[in-house]
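Presented below is the structure to which this report refers.
Chains as they are written, first to last, in my numbering: chain B, 1 to 555; chain E, 556 to 1110.
Structure (structure tokens):
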């Protein structure tokens, strides 16, 4: 298992990647037809406010982790149409589109846009407006799909990773290895990045290490093992001792000797041994004597374990420290217990302490459920590798963030749906996180921006969402403002954090959350409430909506 | 609904995108540690053959569609390490790595690699080797993760789209609109591209239109509707008739008049009307009088429908042809029937034939199941938009392609797993598709490459996979060779097709498949069989494996 030092994140590299991956054409066509219609009716510069939020916490859980902000900031900063983009738009918008609109697009950027956002890596809850995007109506409309695309999957996979981390407990090392199962190259890269931020320790994805400074890990696949057939393929057949003794030692004969001893100790028939596997292990150990961690189930774990022990013994004799083994099929828990027993036996019998600290890596279609079971069943697995279930978020493969208009020209706007769940909350807002005397957040309060913030120790009345329109009275011990400006009229204001910094933020944000909201199954739901003023506004607009439409009669 | 003409696919643009998205570092670290170990032992140039396949058809179906080849070809052609890549690898590989290895990496490319593959867009089945990658052992090992990443999701989403197409029937138009729910920007782009290839007609994703020539579509979201509050916001308030009469007409008063007539016809209370929605529709119609297709459920379908009819009537009076409506919530089938009835009523009552050809678009969390129900329930939906369930492949979010070593130095290699499903089939192979007298493929035959191809009309005996090791005798009416060289020693040999050409290929490949294999639920499984010679080789290797490992005793 090789680990890279966390290198400093090179912002330029990441920004370039955002510009290449998220050109302003990577959006839905209707953003352009709407922008045109706004422009045509002269409303494109009207100040407008959109909010981004999701309606349900993913995976049946009690929380989510907000991620994707950093990419959004870079996207906003580089938002600009090239001549080629504009020409393409001209070819797909209806023929009657006024040519002056394309001139308008040519000059468009986000210099009039301000983004207030929950900091990346914060624990968040359903229905809290996570981002507020304010600016000229046509521009903030155009940003919708790209912002949703950047936040949706990032937050989903980060939340998924955080759940795997909670399931695994704090000690077990977690390795993300889902690149080949993700939605293409960039899906894999995004998965690696946000899995790390959500609480994984390592990734197999080298490019993710390169771009984001995530520690990378990996040693060998089955193909390496099956590519060998005999010890004759091992070359060189010698290895110099770690001590620096210049005389290389014949490791073939050493290994044959150690294998015989291991077979004797374990009362194993030498006929069980696959020579090709032994050759593969030995050649790898010669190449990387300090990093010997083979996959041992290419033929059978029994066979692989004998070969591992034989080669590991030789490494120890030459002063090296073998790292461990990987199990990739079958009942990982049971196997790990058997493997550990053999390691202890070897340690005692051959008096080699290195066998006591060998690492057992398990990688076999691990899901959240099987991660939970690792805490319930006896096992000796130190590192868990997770691929498919992590990156595809099998349990719920999309988060469903939406982006809704809440204000135009200073007037609150509201979508009043027949489905109450789909109605929106109008107006420009502030969001406060209320914390109890034990330091646990217990309520997110959504207020109108013009309202004074709630004060610590002062009781207030508010209206929890999803309840029957009745108010509750609460007294926060502390109050924090949940969002901050991340992009102000064209400038990135809150400088982005490195992946490692954001990862630390997720960790501390989750630490303060009360265990009852962190339970993976059937958690207590966290309260999100509207202030009295905001609740009154909603009621007024609803009431007004039923009798403000009699213009037909009035004319 | 705006549709772009399918532009010629610009290969250069796509190739650039592959080079940027799939650098050679976008792979698992163990590919490099294995490559080093091969290099160290002098085996890196040994000729090796890997095969790519999946073990189960996705979604419980009877087939899959193979996709991703085009990107693989471009990836192979541009495979090359930059100095920066090499320096990063030096920082993450163990310190003892021989510096000469990095020199080796600097000179590496795919000039020694040959790829034989099923053509992109072919209907394929589980356990058939879809791609065969031959070349120097270290190089073809390094390619594993990237090739899997490029094929896995492309084939999965293409197969998913093909199933949606089968469920929808041949006539309904299908619109992909999943960008905001995909795994980030490139996941969304890949989804758009392969959904089109799999049988969708349109995408909302403008960049997908730009890169791949896919027709794009879209008109307006709810935010456009809710951004309006009164008819005073409509500007200009006039529209010139389609005939070219230069005198613009006051559409505000025209619309009020037509709304009154519609309300009378439908016995609707004018109090039902939302003035903001009417203003939104009217302003959009003024901007795009030939492309009027609003979303009509922002407040209620009843209200939206009245407003639509009022504006559509005005457009008709001025000689324009309104396009239709979009329904985005609730029971789409029932609503579409109601809407159609109103359209017919308007057509008769106002004697406007344009109302007979209005399009109804349905977009509300459509799944494969709800698509099937569209064929069972009465409805009037002409175009269906699909997002989340299409791009995330909710039913099975990963395909699980694997890449297995089958030959080194001309010697067949086989992984003999304790789990028989995970054992591999050794040797370099040819794959033939056997077709019956009705023109339906009925069996894919996997042979050793050295065997002569099966002949039409000549009986042969073979061993179906997944059965109890017994042979069957069959006589094909036709035989086709399933794979062809797509990349030969550094050169793209079979030129890639445009997305539209590959889409046609999917269509014709699915056409020939017997309906019993195409059934979405509980299909008959298609037979994949080994030739006698290949079956014998497997048996020999299995048998040999139990007694070829007695080198311990022999020494």
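Glycine residues also receive a C-beta, built at the ideal position from the N, C-alpha and C atoms.
Closer than 9 Å to chain B by CB, residue i
i, result
"residue 1018 of chain E", "no"
"residue 699 of chain E", "yes"
"residue 1095 of chain E", "no"
"residue 561 of chain E", "Confidence is the limiting factor: at residue 561 of chain E the pLDDT is only 35, short of 50, which leaves the residue's position unreliable and the question unanswerable from this model."
"residue 1111 of chain E", "The shown model of chain E, from 556 to 1110, leaves out residue 1111 of chain E, and the question about it has no answer."
"residue 1111 of chain E", "Residue 1111 of chain E lies beyond the stretch modelled for chain E, which goes from 556 to 1110, so this question has no answer here."
"residue 728 of chain E", "no"
"residue 1108 of chain E", "With a pLDDT of 40 at residue 1108 of chain E, under the threshold of 50, the modelled position of that residue is not reliable, and the figure given next carries that caveat. Closer than 9 Å: yes."
"residue 506 of chain E", "Residue 506 of chain E lies beyond the range of chain E shown here (556 to 1110); nothing can be said about it."
Residue i classed as buried or exposed, judged by whether at least 16 other C-beta atoms fall within 10 angstroms
i, result
"residue 968 of chain E", "buried"
"residue 582 of chain E", "buried"
"residue 822 of chain E", "exposed"
"residue 1088 of chain E", "exposed"
"residue 557 of chain E", "With a pLDDT of 40 at residue 557 of chain E, under the threshold of 50, the modelled position of this residue cannot be trusted; read the value that follows with caution. Buried, by the Cβ-count rule."
"residue 790 of chain E", "exposed"
"residue 348 of chain B", "exposed"
"residue 768 of chain E", "buried"
"residue 322 of chain B", "buried"
"residue 606 of chain E", "buried"
"residue 1013 of chain E", "exposed"
"residue 190 of chain B", "buried"
"residue 324 of chain B", "buried"
"residue 665 of chain E", "buried"
"residue 699 of chain E", "buried"
Minimum Cβ-Cβ distance from residue i to chain E less than 9 Å
i, result
"residue 420 of chain B", "no"
"residue 120 of chain B", "no"
"residue 15 of chain B", "no"
"residue 416 of chain B", "yes"
"residue 408 of chain B", "yes"
"residue 393 of chain B", "yes"
"residue 47 of chain B", "no"
"residue 34 of chain B", "yes"
"residue 168 of chain B", "no"
"residue 102 of chain B", "no"
Residues that residue i bridges to, as DSSP identifies them
i, result
"residue 491 of chain B", "B:488"
"residue 881 of chain E", "E:850 and E:916"
"residue 671 of chain E", "E:687 and E:1040"
"residue 959 of chain E", "E:606"
Of the residues the options, the one placed nearest residue i, counting alpha carbons only
i, options, result
"residue 839 of chain E", "E:863, E:610 and E:597", "E:863"
"residue 522 of chain B", "B:59, B:134 and B:66", "B:59"
"residue 356 of chain B", "B:345, B:61, B:363 and B:362", "B:345"
"residue 703 of chain E", "E:956, E:975, E:962 and E:993", "E:956"
"residue 65 of chain B", "B:474, B:95 and B:128", "B:128"
"residue 233 of chain B", "B:254, B:261, B:262 and B:276", "B:276"
"residue 991 of chain E", "E:1072, E:978, E:1030 and E:1010", "E:1030"
"residue 55 of chain B", "B:404, B:477 and B:538", "B:404"
"residue 446 of chain B", "B:250, B:434 and B:409", "B:434"
"residue 513 of chain B", "B:442, B:505, B:504 and B:479", "B:442"
"residue 792 of chain E", "E:777, E:782 and E:808", "E:808"
"residue 22 of chain B", "E:760, E:601, E:681 and E:626", "E:760"
Worksheet entry | Contact the stretch 484-499 of chain B vs the stretch 116-128 of chain B: 3+ CB pairs below 8 Å | yes
Worksheet entry | Segment contact, 8 Å Cβ cut-off, at least three pairs: the stretch 946-955 of chain E with the stretch 736-745 of chain E | yes
Practice prompt. Check whether the stretch 455-467 of chain B touches the stretch 520-535 of chain B, counting contact only when three or more Cβ pairs, one atom from each stretch, lie closer than 8 Å.
Written response: yes
Worksheet entry | Validate contact between the stretch 190-201 of chain B and the stretch 492-507 of chain B using beta carbons, cut 8 Å, 3 pairs | yes
Discussion item. Does the structure place the stretch 797-806 of chain E close enough to the stretch 60-68 of chain B that three or more beta carbon pairs sit under 8 Å?
Written reply: no
Worksheet entry | the stretch 719-730 of chain E in contact with the stretch 694-710 of chain E per 3-pair CB rule at 8 Å | no
Worksheet item: Is the stretch 886-896 of chain E touching the stretch 912-929 of chain E, taking contact as three or more C-beta pairs under 8 Å?
Response: yes
Discussion item. With three or more beta-carbon pairs closer than 8 Å as the criterion, would you say the stretch 655-670 of chain E touches the stretch 288-304 of chain B?
Written reply: no
Discussion item. Does the structure place the stretch 978-990 of chain E close enough to the stretch 633-644 of chain E that three or more beta carbon pairs sit under 8 Å?
Written reply: no
Discussion item. When you compare the stretch 584-592 of chain E with the stretch 646-655 of chain E, are there three or more beta-carbon pairs, one atom per stretch, that lie closer than 8 Å?
Written reply: yes
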